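J.:
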Amino acid sequence: MSGSQEAELVALERALRTEADGEVRFDPGSRGAYATDGSNYRQVPLGVVVPRTVEAGAVALGVCARFDAPVLSRGGGTSLGGQCTNEAVVIDWTKYCDRLLSVDPEARTCVVEPGIVLDELNRRLAPYKLRFGPEPSTHSHCSLGGMIGNNSCGASAQAYGKTADNVRRLEVLTYGGTRFWAGRTDRAEFARITAEGGARARLYQDLKDIVGRSLAEIREGYPKIPRRVSGYNLDALLPENGFDVARALVGSEGTLVTVLRAELDLVEVQAAEALLVLGFDDIYAAADAVPALLEHSRPTQLEAVDGRMAQLMREEHACPDSLESLPEGDSWLLIQFTGDTTEEADEQAYELLRSLGRDEDDPGVALSDDPPREREMLKAREAGLGVTARPPDGSETWEGWEDSAVAPEKLGDYLRDLERLFDRYGYQQASLYGHFGQGCVHTRIPFELREGKGVEVFRAFLFDAADLVTSYGGSLSGEHGDGQARGELLPRMFTPALMKAMGQVKALFDPGDRMNPGKVIHPHRVDDDLRLGAAWRPEPQRTHFAYSDDGDDFGRAVLRCVGIGDCRTHQGGVMCPSYRATGEEEHSTRGRARLLFEMLGGHDDSPVTGGWRSTEVRDALDLCLACKGCKSDCPVGVDMATYKAEFLAHHYQGRLRPPAHYAMGWLPVWARLARAAPGFANAALHAPGLGRTGKLLAGVDPRRDVPLFAAESFQEAWHRSAGTPPDPRDARTVLLWPDTFTNHFQPHIADAATRVLGDAGFRVAVPYGPVCCGLTWISTGQLATARRVLRRTTRVLRPWLEAGTPIIGLEPSCTAVFRADAPELLPGDQDITRLAAGTRTFAEHLVGHAPDDWRPPTVDRAATVQTHCHQHAVLGADPDRELMRRAGLDAHVLDEGCCGLAGDFGFARGHYDLSLTIAEQGVLPAVRDTPPGALVLADGFSCRTQIEQAATGRRALHLAEALALARDGPLPADRPEKAAPRPRLRPAPPRLLTAGLVGAMTGLAVRGVLAVRERRRTRRDTTR
11 MSGSQEAELV ALERALRTEA DGEVRFDPGS RGAYATDGSN YRQVPLGVVV
61 PRTVEAGAVA LGVCARFDAP VLSRGGGTSL GGQCTNEAVV IDWTKYCDRL
111 LSVDPEARTC VVEPGIVLDE LNRRLAPYKL RFGPEPSTHS HCSLGGMIGN
161 NSCGASAQAY GKTADNVRRL EVLTYGGTRF WAGRTDRAEF ARITAEGGAR
211 ARLYQDLKDI VGRSLAEIRE GYPKIPRRVS GYNLDALLPE NGFDVARALV
261 GSEGTLVTVL RAELDLVEVQ AAEALLVLGF DDIYAAADAV PALLEHSRPT
311 QLEAVDGRMA QLMREEHACP DSLESLPEGD SWLLIQFTGD TTEEADEQAY
361 ELLRSLGRDE DDPGVALSDD PPREREMLKA REAGLGVTAR PPDGSETWEG
411 WEDSAVAPEK LGDYLRDLER LFDRYGYQQA SLYGHFGQGC VHTRIPFELR
461 EGKGVEVFRA FLFDAADLVT SYGGSLSGEH GDGQARGELL PRMFTPALMK
511 AMGQVKALFD PGDRMNPGKV IHPHRVDDDL RLGAAWRPEP QRTHFAYSDD
561 GDDFGRAVLR CVGIGDCRTH QGGVMCPSYR ATGEEEHSTR GRARLLFEML
611 GGHDDSPVTG GWRSTEVRDA LDLCLACKGC KSDCPVGVDM ATYKAEFLAH
661 HYQGRLRPPA HYAMGWLPVW ARLARAAPGF ANAALHAPGL GRTGKLLAGV
711 DPRRDVPLFA AESFQEAWHR SAGTPPDPRD ARTVLLWPDT FTNHFQPHIA
761 DAATRVLGDA GFRVAVPYGP VCCGLTWIST GQLATARRVL RRTTRVLRPW
811 LEAGTPIIGL EPSCTAVFRA DAPELLPGDQ DITRLAAGTR TFAEHLVGHA
861 PDDWRPPTVD RAATVQTHCH QHAVLGADPD RELMRRAGLD AHVLDEGCCG
911 LAGDFGFARG HYDLSLTIAE QGVLPAVRDT PPGALVLADG FSCRTQIEQA
961 ATGRRALHLA EALALARDGP LPADRPEKAA PRPRLRPAPP RLLTAGLVGA
1011 MTGLAVRGVL AVRERRRTRR DTTR
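In the working numbering, each number is its position in the sequence shown, counted from 1, plus 10.
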């Protein structure tokens, strides 16, 4: 960039900050986070504007126009064709401009702002028993503005059509500043508009002239199929179609106008659903059956899943309940019917079966009218992009030809020819699935996009594939749009005359090509601006973790993120708590993965420099809770907690760390030191002046209460009173793991667990001496120390490891370290391998290994249950549900996301407000709503601490405590947690507190010594 261009950019940024009410970001981190979308393409934006109002967004566009700066309007950023990446000023509407402005239940319409998410819109419409019809698979996080830009469809388009079919009017703004509401335009309305004069009048008149000159081409040039999304919708401007300017603009991908508001047509929410699943020998037979199914029924969805996808789901352990619901076959059609009653929906399914000569007893048939079961079955289809992106065999698949469409009656033959084309290019094992009821085919293909020859083959394939689909009278895109992925291919689909008309429309609305330039019309080449590409040369990295599922390659691990955007959901699951609280792309799993990708280099124009020392990446990861929610909830298994630990290890190598890394990262050490005088430690840490000073030195937020040390640790009490340790080789022996939190803060939980395990016939052993899983060092990126701690621990545990003694974990985060983190930190270490294989949760052991005649104590209470994020992500909670069921607990297991404390995160200075914001989004309100006589259960120390410290009026129990209390007698009728012991604060004499100040200063000195020692050790430590 030249000096004059940089000066112009600085002036643009200054003007936007002055005039537009919004967040204006031209910093490297924001530019890196928005450099790509869900596609193969990457273009670094000039800057990002997040307007606080629609009017502010309009002002921002005007400022950009004054500076002749290109503009990209962006919604959820999930586009697969490159529509949402550009060297432009990105206007992100999703953070603030997300209002439902009005609803007209009688007319069944509503008016929305462009940033509103589809699922959120439908939640707000639920009281009216209305919804927006089209529902793409990204419904949990795609915005209506993005759906309008792409002309999105989804499975429900079978019944309700494309987005264009459901848009009544649009309020739009051109780059030149013309602002108006567009919709159907009858003769009287057209006359009124042209009579008013001005820019809008000229626009309408010129549009009509363009269409008038090309009537025949427009009427004949568009494929007559259900799913034609490619190109501009000039057919909406035909006289017989009402000269509908709004529908003509839908699908224009931000290249013509910016959408400010939209009036949408709505549909009624159906009262009942039935799902019929038919099995076939292969996907071609399934496609061949579609015309007959459509002839004999009118389904609301008709989806397809092939055997390749099912196999990948099995290998990746994705949606197992969905797979179990499928009937016999190697490919399946999922056919949904709706009705006012269950009987009405069921009858449509039975009628179709009768017309096909099949019945419900056929092994190739499955029928359900149970909505939860249907949702499970449909997950098999919605999982498509995620499970096919990174197959377990190590291959990589990519979008690029993931969205073609033909007439349903031609679908089977088209798929056979497409498979032959795959074979000719050597693209094996591509899954075929999609919206077969409308002839739309989804797939991901193993393109080689890292070297020149592979990119050449990729380009050649796309042109041959375009010729193939057009030979069937089909469309390049059936719902994802053109962008850069298909823009260059449009002349293979449309006649020169029609392409000329589209070019004239582009010139009319955007004569300077400033609106999302390089897409659809005047497109960049399909092999330009690739996220990888022949010129991509990332620096190889030596790492602490092995990344064994990614070929021992951190860069490949980062590339797991394919931009689906599931981390931008607002409800359900765990991922991503920091995004849900901030609404910031940079603080989503995807945004962080994008910044890590930029950090690795490989592109000369990367805005993120400095490698592991990058402050942009550090700041983005600072608000990552390391909850591991993405490890399970992300369809491609991005594990941002591990990436954060890796980054912190390199970022602070040889440098002084934040105080919290020494205070909370070394918590196991401080907890052991506190054993000398736990009462004094508690009094000192909670004394008004001294406690505040201690928190300041430790980097802890002053509003946090430091948990109390128990008067006696569990290990101390156990070895003081226990008899001869059981033989590790005894089949009844289990080793109870004394994690730091249970051992030093809440030992009564371990005591409760030993009593329940003993009742179940097990002989409990507890290791002697200090042992630790290394969790606190891992989460703060002190990985060399964590490895030493783990090696020392396995030496202590060796007799039990060699005997194969089960190791029972009570704290989910520590148990998860043994299962997931330790094998990656110490790959090939046989003790670690044995430790990972032998570690079980409390519930896993009792449900799966207790004697058949053992029954847990009967609790017979309702319970609100918060599952720890690491348990959700790594360990699973099904055994806990089963154990609670056997104990008579009526468990309401929350699906409200993270508690917000997340180990040291919620304690660290600067995180308190965000921590509580996250908790208040679901967990804390649910706890407050728990009846007084019901239990609150949370196995995680962090979850229990957050619940207790956040003014809920409740205290959460570990499941082991609940069972032990029930074993000892009836629970109190009101707030049953009162029966469980907890450490109490006992004031200390002033002289001791004064001495404590000296101790605190000594601790500060010790911290400095530790920092120096760690720096020396880190220099000696060899990373992989």
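Yeah, the Cβ is synthetic: ideal placement off N, Cα and C, and Gly gets one too.
This structure is a prediction, so every number in the text was calculated from the model and none was measured.
In the DSSP output, which residue or residues are listed as bridge partners for SER83?
T.: ILE101
J.: Let me know the secondary structure DSSP gives HIS554 once reduced to three states.
T.: Here HIS554 sits in coil by DSSP.
J.: Looking at ARG802: is its Cβ nearer than 7 angstroms to the Cβ of ALA974?
T.: no
J.: Count the other CB atoms, across all protein chains shown, that sit within 10 Å of the CB of GLU906; report buried if there are 16 or more and exposed otherwise.
T.: When all chains shown are included, GLU906 counts as buried.
J.: Which of the three DSSP states is assigned to LEU1007 in this structure?
T.: With a pLDDT of only 48 at LEU1007, under the threshold of 50, the placement of this residue in the model should not be trusted, and no figure is reported.
J.: Count the other CB atoms, across all protein chains shown, that sit within 10 Å of the CB of ARG865; report buried if there are 16 or more and exposed otherwise.
T.: exposed
J.: Is it buried or exposed, ASP316, if we count other Cβ atoms within 10 angstroms and call 16 or more buried?
T.: buried
J.: Would you kindly check if the distance between the Cβ of HIS534 and the Cβ of GLY543 is under 7 angstroms?
T.: no
J.: Could you round the C-beta distance between LEU911 and SER925 to whole angstroms and report it? I think they count as a contact, below 8 angstroms.
T.: 6 angstroms
J.: Check this for me: beta carbons of ARG524 and TYR185, under 7 angstroms apart or not?
T.: yes
J.: Does any CB atom of chain C fall closer than 7 angstroms to the CB of ILE220?
T.: Looking at the structure shown, chain C is missing, and only one protein chain is on hand.
J.: Which one or two residues does DSSP pair with TYR51 in a beta bridge?
T.: The beta-bridge partner set that DSSP reports for TYR51 consists of LEU540.
J.: Round the Cβ separation of LEU333 and PHE446 to the nearest angstrom and send it over; I've been treating them as touching at under 8 angstroms.
T.: LEU333 to PHE446, Cβ: 19 angstroms. No contact.
J.: So, with DSSP's three-state summary, where would you put ASP715?
T.: coil
J.: Could you tell me if SER558 is buried or exposed, where buried requires 16 or more neighbouring beta carbons within 10 angstroms of its beta carbon?
T.: exposed
J.: Mapping the DSSP letters down to three states, classify GLN311 as helix, strand or coil.
T.: strand
J.: Looking only at its own chain, which residues have a Cβ that is under 6 angstroms from the Cβ of ALA417, when we skip the five neighbours before and after it?
T.: ILE235 and GLY449
J.: Among GLY573, THR790 and ARG805, which one has its Cα closest to the Cα of GLY779?
T.: ARG805
J.: With contact counted as at least three CB pairs below 8 angstroms, one residue from each stretch, are the segment 705-715 and the segment 769-784 in contact?
T.: no
J.: What is the DSSP secondary structure of PHE77, reduced to helix, strand or coil?
T.: coil
J.: List the residues that DSSP assigns as beta-bridge partners of GLU181.
T.: TRP191 and ARG271
J.: I'd like the span of the beta strand (DSSP E) that includes THR348, first residue to last.
T.: 341-349
J.: Applying the 10 Å Cβ sphere with the 16-neighbour rule, what's the burial state of LYS641?
T.: Per the 10 Å Cβ criterion, buried.
J.: Check whether the Cβ atoms of GLY932 and THR790 sit closer than 7 angstroms, and answer yes or no.
T.: no
J.: Report the residue from ARG502, LEU71, ARG364 and SER166 whose alpha carbon sits nearest the alpha carbon of GLU278.
T.: SER166
J.: Using the C-alpha atoms, what's the distance from SER441 back to ALA475?
T.: Roughly 16 angstroms between the two C-alpha positions.
J.: Report the start-end ranges of each alpha helix (DSSP H) in the segment 579-660 that is 4 residues or longer and not cut off at the edges.
T.: 587-592, 599-609, 625-632 and 639-643
J.: Under 8 angstroms by Cβ, that's how I've got HIS151 and GLY164 pegged, so tell me the actual separation to the nearest angstrom.
T.: Contact doesn't hold; Cβ gap of about 13 angstroms is too wide.
J.: With DSSP collapsed to three states, give me the class of LEU1036.
T.: This structure cannot speak to residue 1036, because the chain is shown only from 11 to 1034.
J.: From ASP978, GLY72 and VAL287, pick the residue whose C-alpha is nearest to that of ASP769; which is it?
T.: ASP978
J.: Among the candidates SER414, LEU111, LEU286 and VAL397, whose CA atom is the shortest distance from the CA of ARG364?
T.: LEU286
J.: Around the C-beta of ALA732, are 16 or more other C-beta atoms found within 10 angstroms, so that it is buried, or is it exposed?
T.: That one is exposed.
J.: Considering only their Cβ atoms, is the gap separating ALA495 from GLY920 smaller than 7 angstroms?
T.: no
J.: By the DSSP assignment, the alpha helix (DSSP H) with HIS534 in it spans what residues?
T.: Where HIS534 is concerned, there is no enclosing alpha helix (DSSP H), given that its DSSP letter is neither H nor E.
J.: Return the chain-ordered list of same chain residues with a C-beta closer than 6 angstroms to the C-beta of LEU793, the five sequence neighbours on each side being excluded.
T.: HIS554 and ALA659
J.: Kindly give me the distance between the Cβ atoms of LEU746 and LEU800, rounded to whole angstroms, as I take these residues to be in contact under 8 angstroms.
T.: That pair is no contact at about 19 angstroms.
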